[in-house]
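Okay, structure first, notes after.
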């Protein structure tokens with residue numbers, strides 16, 4: 286859920302780390318190198334990772350949040366879990382050739398009701414499987430609201446992009462060492478429950494772990510958040526590996542250069558060192574996307590772009606998806622069906638809500654809330670490039 290780190294005019298300053306904080310992260314990274322070197326040995330070899338990828342069809346999909354959910358909690362809480370809507374919306378994805386979805390979970394769902402949450406996730410996976418979709422499941426996320434709460438979620442803020450998304454864990458969970466056993470239980474429990482399940486494509490351990498969210502939530506964020514997450518991230522990889530999953534583990538890189546590994550941030554180094562397959566986020570023009578792919582090819586592992594497609598920022602299906610196919614890179618855009626997340630509004634809507642007028646072009650999302658395509662050409666292109674689907678999306682539900 287990142288917004289391309291080079292588009293500061295659209296997203297504000299989201300990557301700034303004070304020198305003192307960066308130094309602390311470096312110290313944490315060195316500690317990780319000593320403490321978790323043995324865990325890294327369990328990482329898939331290049332041969333195993335590439336053999337796994339060779340067995341996959343070309344992976345194309347979307348970051349999926351149901352249109353009636355404002356965040357991960359509303360998607361999976363018992364009171365608001367909506368399998369009927371999931372079924373219809375995943376059918377839309379299947380109809381245009383999509384075969385994966387990136388789906389965010391949340392640690393409090395497990396802490397509240399491990400059995401119930403596992404059952405609902407199992408039900409969701411069954412629905413996805415009926416549509417030949419294998420989700421990439423995201424365990425943790427450093428983006429947006431730092432104080433997530435179970436129960437009814439607030440309504441969308443009019444005209445604002447992703448106004449109700451929550452972090453996992455929240456600031457308290459990151460800061461309190463006593464909460465760590467709950468995080469471990471969550472990872473081991475969820476990954477363990479589906480470790481041998483072919484319906485799951487893979488495990489995205491932590492979304493944008495060093496995302497500081499700019500000044501938007503500065504007063505609510507955990508102090509020294511990046512340093513704290515740098516300690517938790519390798520632990521989370523280790524917890525997941527203890528379940529011996531048949532699926533690959535990853536955490537998508539989203540900032541930095543990627544040309545000179547020794548110059549990467551400590552967090553990026555951890556992500557690249559621990560990931561079985563390489564995933565990344567990119568909302569740039571096609572030249573930028575292609576450059577990023579070439580940089581990541583140096584790691585000799587499968588590559589999947591797990592966030593792209595922000596029309597107003599220059600990243601579109603038209604210019605990016607053909608490149609992804611050319612380089613055999615999986616492609617997961619942000620957003621499937623417009624709804625309560627309102628990610629059809631651009632990032633700058635946080636500063637200037639689109640209340641009196643709509644954006645010139647939609648930022649994210651493939652389908653309108655009535656299940657018709659935002660642009661017919663886009664769904665035709667996805668169908669053509671994947672060679673899958675029926676292109677009967679607009680008739681579903683009518």
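In the numbering used here, the protein residues as written are 286 to 683. We put the beta carbon where it would ideally sit given N, CA and C, even for glycine. The structure displayed is predicted, hence computed values, not measured ones.
Range of the contiguous beta strand (DSSP E) that encloses residue i
i, result
"residue 387", "385 to 389"
"residue 346", "345 to 348"
"residue 569", "Segment: none, residue 569 is in no beta strand (DSSP E) and carries neither H nor E."
"residue 335", "Where residue 335 is concerned, there is no enclosing beta strand (DSSP E), although the alpha helix (DSSP H) it sits in stretches over 331 to 339."
"residue 618", "615 to 619"
Alpha helix (DSSP H) segment containing residue i, residue limits
i, result
"residue 603", "602 to 611"
"residue 378", "368 to 380"
"residue 491", "Run containing residue 491: none in the alpha helix (DSSP H); it sits in the beta strand (DSSP E), 487 to 492."
Simplified DSSP state of residue i, which is helix, strand or coil
i, result
"residue 479", "helix"
"residue 658", "strand"
"residue 574", "helix"
"residue 553", "helix"
"residue 671", "helix"
"residue 592", "strand"
"residue 497", "coil"
"residue 562", "coil"
8 Å Cβ cutoff met for residue i and residue j
i, j, result
"residue 463", "residue 432", "no"
"residue 605", "residue 574", "yes"
"residue 510", "residue 499", "no"
"residue 363", "residue 401", "yes"
"residue 592", "residue 502", "no"
"residue 588", "residue 344", "no"
"residue 525", "residue 534", "yes"
"residue 632", "residue 446", "yes"
"residue 334", "residue 586", "yes"
"residue 532", "residue 488", "yes"
Beta-carbon proximity list for residue i, same chain, < 8 Å, skipping 5 on both sides
i, result
"residue 443", "638 and 640"
"residue 412", "368, 371, 372 and 375"
"residue 513", "459, 460 and 507"
Sequence-distant residues of its chain with Cβ nearer than 7 Å to residue i (five each side left out)
i, result
"residue 356", "438, 449, 450 and 451"
"residue 659", "647, 650, 651, 652 and 653"
"residue 415", "none"
Closer than 7 Å: residue i CB and nearest the ligand HEM heavy atom
i, result
"residue 404", "The ligand HEM is not part of this structure, which contains no ligands at all."
Cut-off 6 Å between Cβ atoms - residues of its own chain near residue i, not counting five sequence neighbours on either side
i, result
"residue 623", "629, 650, 653 and 654"
"residue 549", "541"
"residue 566", "287, 537, 539 and 592"
"residue 584", "563"
"residue 310", "Because the pLDDT of residue 310 is 49, which lies under 50, any placement of that residue in the model is unreliable, and the question is left without a value."
"residue 680", "Caution applies to residue 680, whose pLDDT of 49 falls short of 50 and renders its modelled position unreliable; the value that the coordinates give is listed next. Correct list: empty, nothing qualifies."
### Task
Counting only runs of 4+ residues fully inside the region 388 to 457, write out the alpha helix (DSSP H) ranges in chain order.
392 to 397 and 399 to 415
### Task
Ignoring anything shorter than 4 residues or poking outside the region 506 to 549, list the alpha helix (DSSP H) runs there in chain order.
510 to 526
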